[in-house]
Structures are given as structure tokens and as C-alpha cells.
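Numbering (the working numbering), first residue to last: 791 to 1380. We put the CB at the ideal spot given by N, CA and C, even for glycine. Here is the structure we will look at.
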Amino acid sequence: MTMPVPARRPLAARRPIRAFVALLTLGLGLASSGLAFAGIAQPPGRSFGPGGDAAVGAGPAQGATPSATPGDPTPTVTPTPLDGQGLCQVSGEQLPGTDRIALGGYLGLSLTLRASCPQEARGRADILLVVDHSNSMKDDGKLDAAREAVRQFIDKVDFERHRVGLMPFNDGAYVAQPLTANRDYLLLALANSGAAQGGTNIAAAIAKADAELGAAGRREAVHIIVLMTDGKSNAAPMREAARLARENGRVLFTIGLGSDAEEGELRAIADTPDHYYFAPGPDALAEIYLRIADMIRAVTITDIVLVDRLAQAVEFAPGTGRPREPERVEGSDDLRWRIPYLADADRTVAYEVRVGRAGRVQPSELAWADYIDGDGTRRRFTFAPPEVEVYIPERYYAHLPVLYDRLCIPARRWSDVALVIDASSSMTGGKLDSAIAAASTFVDRLNLPSDRAAVIAYDAEARVVQPLTGSRGALRAALAGLSTGQGTRIDRGLDMGVSALLDPVLRGNNRPVIILLSDGRQTEAAGAIEAAIERAASWDILRYTIAFGADADRGTLLSVAGHPTRAYYAADATALDEIYRSLATLVGCK
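Below is the structure:
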């Protein structure tokens, strides 16, 4: 479908006028910024840049051409996106879960989008680094480690495309350096950002960052908040501030530092569960900031709106959207997902519909993705519609029971399996030996190296004992070396299993599967289990659980599995071995 497009001047002819308007507006913004900051109390001895306030609102680096007025809102869908490819090559597909269903049955659908851009045409980002300066950051060199991590982040930013600002917070928040493409201004502001003092008001920090991006963020850029904290804050206003920021188009990364950070809340307010990072100590901060920097460097297209306009007699099944529910467009059958940006990896949304007419049916009348291309132009990619056969089921009567045992329809892909094993103190001795023996039998039955497996152990913490591999010897050695520790954090074991399957270096096209074993209960941070489940579900990871022994929390493990047919109970070592043997067959089935 070709959309009517009003006449446009060539991009080269428009650029000088846009640059002039942007610079004029930026100059007016600087004048007002000086007045605004005059009344804010700043840390003693802190300056905004060389010569006092010279760095405030420093703007793009020399030679960069702003393409929109700072302060313009994040764009929404325009009525006239251009069809066809621009600077970035965008592709994707809409796929049904099956090509044949019964009338009135539920059909799974997915929309997958990907983009490839030349380096100079990749998306732009405006990034606010929001750093905890509360009193607890004095301990264990945390503030110094945070500053060093931020410095490494700044060093990795491509300032030809991105701008960065710095915002310390405690009881309140202030802008130490507005968004700029000048590395020196940022490093000076970082060095002079003040000592750790006061409390922790995360809601105020998010609200301030949201307002700053709304006032100074570029229209064509992704607006990103990276918030790091070592403490707790009032949950209700924090969640509300994060909700409002997301509604305004901001992407929120969160980093929890140390055992006092409220992991469940920080994971909940992050844009997706994958945008939350846990740093057990100050030494882990630099690696986390660099991982986020790498993700931002991979940005391709931005401000994406995926839309599926369902056909007649096709209804969306509420509660089936993954990784989140679509927006419903009032008065229409449109389903809509807003995605701030796409990186090098594919992005997939999945959902189910109910089909109410028979024959060869296209469940979607039209599905498309609107996005901002590397040249700032809004473009449209249209998905090819799939077809499914919808048949009217015949009725029949059975006078004898029909028995079957684990009917297996072979899966279309090999599997990557994360063996997540409870290594808490209650597993010491015979239980751990039984778990190792049963898991080793499972490994022996896998189709290695086409299938692959990883070994993760968890107690109060979780660790990858063996990353994904097709080596049977490496997996058996990792299992044989398991040892126990104190505590039971099922959420961390599940999270580490997800991370092992999503490792950007090792990840392939195999289907991801987690098999989690536990013999106990998680007595702390119970809410974190739900967040870990949501993260695994958002990546469409198939999950099996094994409750080993009478003390295991079978209710929680059922929630982790997501369906009773994937939650197992082993009363003893013999039953455990049988379950693992059975699972070795099932991971190869749909």
C-alpha cells in the first residue's frame, strides 16, 4: 500500500534552514538556562565547565548539525510515512504458530522486525546518567567506583551521534551537566559532582530526568535514562514516575548496587526486565556501564510503532501479548506496540487471536511498522500477510479411553538448555549427588552438539558454572564440580539461566529452554521471582521445574514453569532420574 506523500524539498536543501532554526532555539535555551540554574543550590566548588557556566547546554559537538529543535516532543506516527527502504535496510515477517487450526480455536501470531544500517546512519540517543549521591554511597568506595564506571561509559560514547548529560541525586536531583556532545564538559562535571550525602529519592530523580529530556532532548533521538542506586526509595511514587517517563517515550535502564538495593522494584521500573542490572559490589559497575554503552552503540532505527490490523471475525485474546500486551486502538481492531529503538538483534512481539470463520484465512488485514530512518525520515515497512487453514472439526464419540504417553511432535529447531540447579546447603550430600547423576544422564541423551547446554548453580547468589556448549565432557565436568552454599534465591538462578541463554556471544538460533531444580523455599525478596519469570517469558523461554523432596516450594515452582504439565515433583533420587530422562526427550518436542 502506497501512502500519499506531500511534496518535499530535497534533504540537502532543507538542512541549512533546520540547522539555523535549531541553533537559534538552542541559543535562546541557553539564556533561559542561566536564569534557571541561578537559584539552585549546587555542591561547593562545583562548576559546569571551563569558565563557570560555559558548559551548560553545550549542545552538539563542533561540526555536528542538529536536525530538530531541542524541546520538541518525541514524535508519534505521522499520516504520511514513506514506503520502501531508506538509509537503513528494514525487514521482518509475520508468522503464525501453525498453518492449520480448528474453527473458534486460538492462533499464535508473531511480528519480527530487524534493521541493518550503515554506521553513519544509525540512530541517535540523548542519554542522562542519573547517579546516586546519597550518604550510603560513601561506603566501600562506591561513589568513586561509580564515577570511574561513568567515565568509562563516556569514553565509549560515539559523540557524533549521541549526547550525554549527568544528573546526581539524593533527596533531590540536579543537572550537573546538561545534554552535550563535549566529552571534556562531562568529565569536568563528573569530577565536580559533589560528595555523597542525604537520602535516596528515586522518584524525584526519574521525574527530573524525564523533564530534562522533554525540554532538551532531540526530536529524532532515543531518550535514555540510566539510573544507578545502592538504596531503597518509596515504591509507589517511584513506579508512578517511571510510568510517566515511559509514557513520554523515555527508555529506562536501572542498576542496583549491593545487597541493600531493592532489586524487585528496580527491575519493575526498568523499561524491560533486560534493562535491569545487578552489581553485587562496586567492582562490577564498570562492566555494566560498558554493556549498556555497547547496547546504545548498536541502535539502528528509532521511534517504532508496530501495528496489526486484525481481519474480520478475528479477535485478540487478552492476556496473551508478549513481552507485553499491545495497546488497543479504540473503535478499531488495531493492535499497537511502541518500541523506542531497534538494535542489531531482531525484535519480536507475540500474541494470540481467535479465528471465527472457516476456509483459507488471512488473520491480519494489514500489519506494518512505522519508524524513523537514519536520515530522520519516517518510513513504513509492510509485513507480508500469512494464511492459515481454518477447518470445522468433526464430532466423534469414543467408547474406549484413548491412551497416549507423551506424544511428541518434533520441534523445528534444536535446543539450548540451561540446567539451573539448587546448590543451597539443604542439597548437601546425597541430594546433590542425585541431582548431578540425573542431570548427567540428561546431558548424555541430548543431541550434542546440535543441542547445547549450560550449567548454572544457585544458592544466595547464582553463577554460570559452564556457559552454553555442545561438549558432553565439559558439561559432565561442570556438573561433577558443583558445591553447595548458603541461601536459596530461585529468582537469581532463573535470571542467570536467562542470561546464559541470551549471551550475545554464544546465542544462536536454537530454541531456549530452562530446567530449574529446587529442594527448598525462597524466604527473601519473594517479589523478585515474579520479575524473573516475566523476564524469561518476555524472551519466550520454555521453562520446566523440578520440585525435589517434600520441602520444595511446589507452588512457586509451578509459577516458574507457567503450566502444570511443565512442573514436576520428584520424591526421591529414582523419580528425579526418571524426570530428567523424560525431559531429555521433551526438549526436542513442540
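Validate contact between the stretch 965-984 and the stretch 940-947 using beta carbons, cut 8 Å, 3 pairs: Proximity of the stretch 965-984 to the stretch 940-947 meets the contact definition, three or more beta-carbon pairs being nearer than 8 Å.
Selection from Glu1177, Ala1107 and Arg953 that minimises the alpha carbon distance to Glu883: Comparing Cα positions, the closest option is Glu1177.
Reference Ala1025, options Glu1053, Asp930 and Arg1235, closest by Cα: Looking from the CA of Ala1025, the closest CA among Glu1053, Asp930 and Arg1235 belongs to Glu1053.
Other residues of its chain near Met957: CB distance less than 8 Å, five sequence neighbours each side excluded: Excluding positions up to five away in sequence, the list reads Leu918, Leu919, Val920, Val921, Ala963, Tyr964, Val965, Ala966, Ala995, Lys998, Ala999 and Glu1002.
Residues of its chain near Ala1133, where Cβ-Cβ distance is below 8 Å and the 5 sequence neighbours each way are ignored: Contacts found: Met1085, Ala1088, Val1089 and Thr1090.
Continuous alpha helix (DSSP H) assignments of at least 4 residues falling wholly in the stretch 1000-1072: Qualifying alpha helix (DSSP H) stretches, in chain order: 1025-1037 and 1053-1059.
Pairwise C-alpha distance: Val1097 and Ser1122: Per the coordinates, the alpha-carbon of Ser1122 lies some 12 Å from the alpha-carbon of Val1097.
Same chain, Cβ closer than 6 Å to Leu933, neighbours up to 5 away in sequence not counted: Its chain contains Met927 and Ala986 as the residues whose beta carbon lies nearer than 6 Å to that of Leu933, once the 5 sequence neighbours on both sides are disregarded; these appear in chain order.
Alpha-carbon to alpha-carbon, Leu1017 and Leu1376: In a straight line, the C-alpha of Leu1376 is about 41 Å away from that of Leu1017.
Segment contact flag, the stretch 1047-1065 with the stretch 1097-1110, C-beta cutoff 8 Å, min 3 pairs: Touching, no, given that fewer than three Cβ pairs across the two stretches are closer than 8 Å.
Three-way DSSP call (helix, strand, coil) for Ser1215 in this model: Three-state DSSP puts Ser1215 in a helix.
Per DSSP, cross-strand counterpart(s) of Gly955: The partner list for Gly955 (beta bridge, DSSP) reads Leu918.
For Thr1092, the first and last residue of its enclosing beta strand (DSSP E): For Thr1092, the enclosing beta strand (DSSP E) stretches over residues Thr1092 to Leu1100.
Cβ neighbour criterion (16 or more within 10 Å) applied to Thr888: Per the 10 Å Cβ criterion, exposed.
Where Ala1318 sits in the DSSP three-state scheme: DSSP places Ala1318 in helix when its eight states are reduced to three.
Cβ neighbours of Lys946 in the same chain (closer than 8 Å, five flanking residues each side left out): The residues are Leu1080, Ala1083, Asp1084 and Arg1087.
Pro748, DSSP secondary structure in three states: The question about residue 748 has no answer, for the chain in this structure spans 791 to 1380.
Buried versus exposed call for Pro840 [16 or more other C-beta atoms within 10 Å across all chains shown]: The predicted position of Pro840 is uncertain, since its pLDDT is 30 and thus under 50; a value taken from the coordinates is nonetheless stated next. Only exposed fits Pro840, as fewer than 16 other CB atoms lie within 10 angstroms of its CB.
Sufficient close CB pairs (3 or more, under 8 Å) joining the stretch 1154-1163 to the stretch 1065-1074: Not touching, per the Cβ criterion.
Cross-strand partners of Val1180 (DSSP beta bridge): Looking at the DSSP output, Val1180 shares a beta bridge with Ile891 and Gly1149.
Heavy atom of the ligand HEM within 7 Å of Phe1232 beta-carbon: The ligand HEM is absent from the structure shown, which contains no ligands of any kind.
Short Cβ contact (8 Å threshold) for Arg1325 with Val1288: Closer than 8 Å, so yes.
Burial state of Thr990, where buried means 16 or more other Cβ atoms lie within 10 Å: Buried, by the Cβ-count rule.
Cut-off 6 Å between Cβ atoms - residues of its own chain near Pro1113, not counting five sequence neighbours on either side: Taken in chain order, the residues that qualify are Ser1328.
For Ala1140 and Ala898, the rounded distance between their alpha carbons: With the sequence shown as reference, residue 898 is identified as Gly, and Ala is not the correct amino acid for it. The straight-line gap from Cα to Cα measures roughly 7 Å.
Opening and closing residue of the alpha helix (DSSP H) in which Arg1333 lies: No alpha helix (DSSP H) holds Arg1333; the beta strand (DSSP E) holding it covers Leu1332 to Phe1338.
Exposed unless 16 or more other CB atoms sit within 10 angstroms - verdict on Leu1258: That one is buried.
Cβ-based neighbour list, Phe1173, same chain, cut-off 7 Å, excluding 5 preceding and 5 following: Shown here for Phe1173: same chain residues with a beta carbon closer than 7 Å to its own, the five before and five after excluded, namely Gly882, Glu883, Gln884, Leu901, Ala1157 and Trp1158 in chain order.
Spatial distance of Asp929 from Gly1048 (CA atoms): Distance between the alpha carbons of Asp929 and Gly1048 is about 11 Å.
Close Cβ partners of Ala1051 (< 7 Å) along its chain, the five nearest in sequence each way excluded: Cβ neighbours of Ala1051 beyond the five flanking positions: Thr1019, Asp1020 and Gly1021.
Cβ-Cβ distance between Tyr1358 and Ile1323 below 8 Å: No. Outside cutoff.
Helix, strand or coil at Pro794 [DSSP, three-state]: Because Pro794 carries a pLDDT of 37, less than 50, the predicted location of this residue cannot be relied on, and the following value inherits that uncertainty. When secondary structure is reduced to three states using DSSP, Pro794 falls in the coil class, being assigned neither helix nor strand.
Assigned exposure category for Glu1055 - 16 Cβ within 10 Å defines buried: Glu1055 is buried by the Cβ-count criterion.
Of the residues Phe1338, Gln1152 and Glu1320, the one placed nearest Gly1352, counting alpha carbons only: When only C-alpha atoms are compared, the closest one is Glu1320.
Bridge partner(s) assigned by DSSP for Arg1253: Arg1253 is bridged by DSSP to Ala1247.
As assigned by DSSP and simplified to three states, the class of Glu910: Shown here, Glu910 sits in a helix according to DSSP, grouped into three states.
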